[in-house]
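Visitor: Numbering (my numbering), first residue to last: 100 to 352.
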Amino acid sequence: MAQTADFTPIYALGDVHGRLDGLREAHRLIAADGGQDARIIHLGDLIDRGPDSPGVIDYLMEGQALGRDWQVVKGNHDNKLPRFMEDPGWIDPGPSSENTWTSDQRNGAAETLAAYGIRDAYDRPLQDIHAEALRKIPRHHVEWLDALPPNILHPGGFLFVHAGIRPGVDLSAQSRVDMMWIRKPFLESAADHGALVIHGHTAIKKATHYGNRLNLDSGAGYGGPVSAVRLDPGGVWLLTDNGPVPLRPEPAA
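And the structure:
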């Protein structure tokens, strides 16, 4: 899909991972560049690892309720909490390891649960943790996360998705698991996907434009910033305190 030159600038930001401070900072940069009514698309992985996943959800829900043009695609971590609430023994089909949300400490479930007042998630019986979660985690948080779409296609020539897409497969036939989890086949592909794919999921040191895709996961889950960009007819611009910096395509590592 060719990019058109007559669309209003749109903003996108990468993985948040419970970092309300990083999310607010990214929104501050966006507001300074495009005003309070800027359209913002969030690339998912709102929760886990960081200290305030409930605060991130509340912040985005409240903004949407106030009429902000804020959209969010579902990340693999955003899918874990709703599935855990249904079945604490659920195994995510995306990764190669067969672990529950709470049994693999790399997920950062304990930080999310602790923020809801549920302590020692790695040390207590799973059924006890689940029962407490049913009491303490607001149902509207779970339902909001579960209703997030897997992708957003923008007529300006952009596809927003958490992890990526399987090259050569029509968007209508893409797997939801792939869109939340894919790495190697997508990251190593130089194919023209018909749109510039804006994604996160795979943490890198800084937001990077690869020509056919743009990775905005700058490692917020590991202490890095939440990166925000402006997309307009002139290209892609990384927002910084010193103003927008052009992001130009560079070869994949």
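Where a beta carbon is used, it is the ideal one built from N, C-alpha and C, also for glycine. This structure is a prediction, so every number in the text was calculated from the model and none was measured.
Residues in the same chain with beta-carbon distance under 8 Å from A214, minus the five sequence neighbours each way, listed in chain order, please.
Guide: Excluding sequence neighbours, A214 sits near G117, P150, D151, S152, P153, G154.
Visitor: For G310, count neighbouring Cβ atoms within 10 angstroms of its own Cβ and tell me buried if that reaches 16, exposed if not.
Guide: Its Cβ having fewer than 16 others within 10 Å, G310 is exposed.
Visitor: Give me, in chain order, the residues of the same chain whose beta-carbon lies closer than 7 Å to that of T307; leave out the 5 immediate sequence neighbours on both sides.
Guide: Cβ neighbours of T307 beyond the five flanking positions: N314, E349.
Visitor: Which class does N175 belong to by DSSP, given the choice of helix, strand or coil?
Guide: N175: helix per DSSP, three-state reduction.
Visitor: Ordered along the chain, which non-local residues of its own chain (more than five positions away) have a Cβ less than 8 Å from that of G188?
Guide: Counting only Cβ-Cβ distances below 8 Å, and skipping sequence neighbours, we find T199, L225.
Visitor: What is the DSSP secondary structure of P345, reduced to helix, strand or coil?
Guide: P345 falls in the strand class under three-state DSSP.
Visitor: What does DSSP give as the partner residues of R282 in its beta bridges?
Guide: For R282, which the question treats as bridged, DSSP gives no partner whatsoever.
Visitor: Pick helix, strand or coil for T307, following the three-state DSSP scheme.
Guide: Three-state result, T307: strand.
Visitor: Could you give the distance in angstroms between the alpha-carbon of L145 and the alpha-carbon of I236?
Guide: If you take the alpha carbons of L145 and I236, they lie about 15 Å apart.
Visitor: Run through the DSSP bridge pairs and tell me what H141 is partnered with.
Guide: For H141, which the question treats as bridged, DSSP gives the partners L112, V171.
Visitor: List the whole-angstrom C-beta distance separating A319 from I129, where the pair is believed to meet the contact cut-off of C-beta under 8 Å.
Guide: At roughly 15 Å, the Cβ-Cβ gap does not stay under 8 Å, so A319 and I129 are not in contact.
Visitor: Return the Cβ separation of P266 and P249 in integer angstroms, given the expectation that the two are a contact with Cβ distance under 8 Å.
Guide: That pair is no contact at about 17 Å.
Visitor: Considering only the alpha carbon of each residue, which of L212, P324, W243 lies closest to L159?
Guide: Looking at the Cα atoms, W243 is the closest of the given residues.
Visitor: If distances are taken between C-alpha atoms only, which option among A262, G193, G333, D269 comes closest to A303?
Guide: The residue you asked about is not Ala; residue 303 is Ile in the sequence shown. If we check each option's Cα against that of I303, A262 comes out closest.
Visitor: In whole angstroms, give me the CA-to-CA distance for L233 and L180.
Guide: Their Cα atoms are separated by approximately 11 Å.
Visitor: Spell out the partners DSSP gives A327 in its beta bridges.
Guide: In the DSSP output, where bridge partners are listed per residue, A327 has L112.
Visitor: Can you tell me the Cα-Cα spacing of V115 and G121, whole angstroms?
Guide: If you take the alpha carbons of V115 and G121, they lie about 7 Å apart.
Visitor: Which residue or residues does DSSP assign as beta-bridge partners of H253?
Guide: Answer is F257, bridged to H253.
Visitor: Considering only their Cβ atoms, is the gap separating L338 from D132 smaller than 8 Å?
Guide: Yes, they are a contact pair.
Visitor: What are the uninterrupted segments assigned as beta strand (DSSP E) that are 3 or more residues long and contained completely in the stretch 176-258, given in chain order?
Guide: 250-253, all fully within the stretch 176-258.
Visitor: Closest to R182 by C-alpha separation, out of H300, D136, R127, R238, would be which residue?
Guide: Nearest of H300, D136, R127, R238 to R182, Cα basis: R238.
Visitor: Quick one: what does DSSP say R275 is sitting in, helix, strand or coil?
Guide: The answer is helix: DSSP assigns R275 an H, G or I state.
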